[in-house]
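Input: a single structure, listed below in structure tokens.
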Ligand code: AMP
Ligand code: GLY
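This is the structure we're talking about:
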């Protein structure tokens, strides 16, 4: 059937999803709410706040999308998928209850305990003094996690007891809220991201990927949302992928269904792989990863619209996939200097067209805006978007600005292409890692 699709989100992940949906034979119409300047070249723009469920429902009642794809975690945690399903819409994205696998670390850890899913030993604390006492005697390093959504910034891997106590204090001082903390043992190994598209019972895994979370080359500096990614990840052998399926994905999908919260959408398994190739869960997410999706969508050959629609309708159609992985892809994030701390906005961007014309290269927008060319740089900082027309220019508006993503037959070539494309793009304060995929 031909799909009329509404995609929610505005990041690089959604730009990659928009491109994959748009090239699907079964995609008739694509809208994006709110989208970004890159997405608006592919999809009709819906200018609404996607966290406002009544506004989204009203729009859907008027435009009758046959499929709604939810990109980011916030609308999932806010229960937008439930509100849309109650109105009879078909949604690719889990219910609020199922999205707790991501939105509550305490829920996820207890769930893994109930279903014997491998993960680090942990304890949960809602009281600061007990948490302080516990970390004071815990072996090092120790991992302290805020029990809620924190945009990838709610985790501290403490190397010393003093750092651990400081992390506990900071979390209870309410930088993100005061829901409590999870304290867990440090897992050794290499990390990878495995995405399972599921209808609540059946699933398919997409190309294994990994991202690079630290801001600096050689995995130094602060944690970020992700500075780059590759797919397929050479860290994940076929044997390890099979273990991820049998020891993590299958018990998770089965357990969620048994507990009355079937998971429909993309189950993101963030795993640590030990020396023997055995995976343990570092985190679950209830959505696609960013920037991993930029690479995963470049290597898949599928009618992605049909794949998502079939999962959302409870009858996963794996025949919609020709190949989950053809060739290899690398995504290098161009960020604003200063990210993940404060950074300037409103810096003019040039060279995207030149970069995109290189073979295999897609430049995904993440933190960009369109402003009128005669605005001063100071004006641009406060302006968010709009002002289309001849005199408009593209400027930076976020920490992660662009995901320069390249496809090739081998990963080494893909990395070279992505780096060559990065060199063609300029904006003041442009910063990127130079070692994405290098450990590969
Ligand atoms: P999370 O938000 O749970 O994915 O944590 C962010 C990052 O912290 C992960 O990608 C890991 O690099 C690191 N991390 C989290 N938990 C652990 C753990 N138990 N052992 C080692 N590293 C961890
Ligand atoms: N790249 C990490 C995430 O999407 O959570």
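Numbering (the working numbering), first residue to last: 1151 to 1590.
Backbone N, C-alpha and C define an ideal beta-carbon position, used for all residues, glycine too.
Counted within 10 angstroms of its Cβ, other Cβ atoms place residue 1534 as buried (16 or more) or exposed: No answer about residue 1534 holds up, because its pLDDT of 45 lies below 50 and its placement is not dependable.
Distance cut-off 6 Å: residue 1415 Cβ against heavy atoms of the ligand SAH: As far as ligands go, the structure on display features the ligand AMP and the ligand GLY and does not contain the ligand SAH.
Presumed contact (8 Å Cβ cut-off) between residue 1170 and residue 1447, rounded CB distance: 4 Å
Which listed residue (1458, 1305, 1323) has its alpha carbon closest to that of residue 1334: 1305
C-alpha gap between residue 1580 and residue 1179, whole angstroms: 35 Å
Stretch-stretch touch, CB-based, cutoff 8 Å, three pairs: the region 1478-1496 with the region 1413-1420: no
Backbone CA spacing between residue 1365 and residue 1238 [nearest angstrom]: 43 Å
Distance CB(residue 1231)-CB(residue 1221) smaller than 7 Å: no
Selection from 1213, 1202, 1570, 1360 that minimises the alpha carbon distance to residue 1501: 1570
Residues proximal to the ligand GLY by C-beta, any heavy atom closer than 5 Å: 1361, 1376, 1439, 1440
Per-residue DSSP class, three states only, for residue 1430: strand
Touch test, the region 1433-1448 against the region 1349-1365, Cβ-Cβ under 8 Å, three pairs minimum: yes
Candidates 1462, 1219, 1227, of which the one nearest residue 1349 by Cα: 1462
Segments of 4+ residues assigned as alpha helix (DSSP H) that fall wholly inside the region 1220-1290: 1223-1227, 1230-1236, 1250-1253, 1255-1264, 1278-1287
Pair within 7 Å by beta-carbon distance, residue 1228 and residue 1251: no
Candidates 1186, 1374, 1510: closest to residue 1161 by CA position: 1186
Local conformation of residue 1173 per DSSP, three classes: coil
Inter-residue Cα distance where the pair is residue 1539 and residue 1522: Per-residue confidence for residue 1539 stands at a pLDDT of 49, beneath the threshold of 50, marking its modelled position as unreliable; the derived number appears in the next sentence. So the alpha carbons of these two residues sit roughly 8 Å apart.
Euclidean distance between Cα positions of residue 1167 and residue 1344: 16 Å
Where residue 1373 sits in the DSSP three-state scheme: strand
Neighbourhood of residue 1434 by C-beta, 8 Å cutoff - its chain only, sequence neighbours within 5 removed: 1251, 1252, 1258, 1402, 1417, 1418, 1419, 1420
4-residue-minimum alpha helix (DSSP H) runs that sit fully inside the region 1546-1582, ordered along the chain: 1561-1574
Residue 1430 beta carbon less than 7 Å from that of residue 1290: no
Coarse secondary structure for residue 1401, derived from DSSP in three states: helix
contact_flag[the region 1267-1282, the region 1385-1401] where n(CB pairs < 8 Å) is 3 or more: yes
Top-ranked residue by Cα proximity to residue 1423, from 1204, 1504, 1393: 1393
Residue ranges of each beta strand (DSSP E) within the region 1295-1351, 3 or longer: 1305-1308, 1331-1335, 1340-1348
Separation of residue 1211 from residue 1458, as counted between CA atoms: 21 Å
Sheet register partners of residue 1184 (DSSP bridge): 1159
Assigned secondary structure, residue 1475 (DSSP; H/G/I helix, E/B strand, else coil): coil
Segment limits, beta strand (DSSP E) that includes residue 1423: 1415-1423
Delimiting residues of the beta strand (DSSP E) encompassing residue 1379: 1378-1381
Proximity of residue 1213 and residue 1514 at Cβ, strictly below 7 Å: no
Where residue 1196 sits in the DSSP three-state scheme: coil
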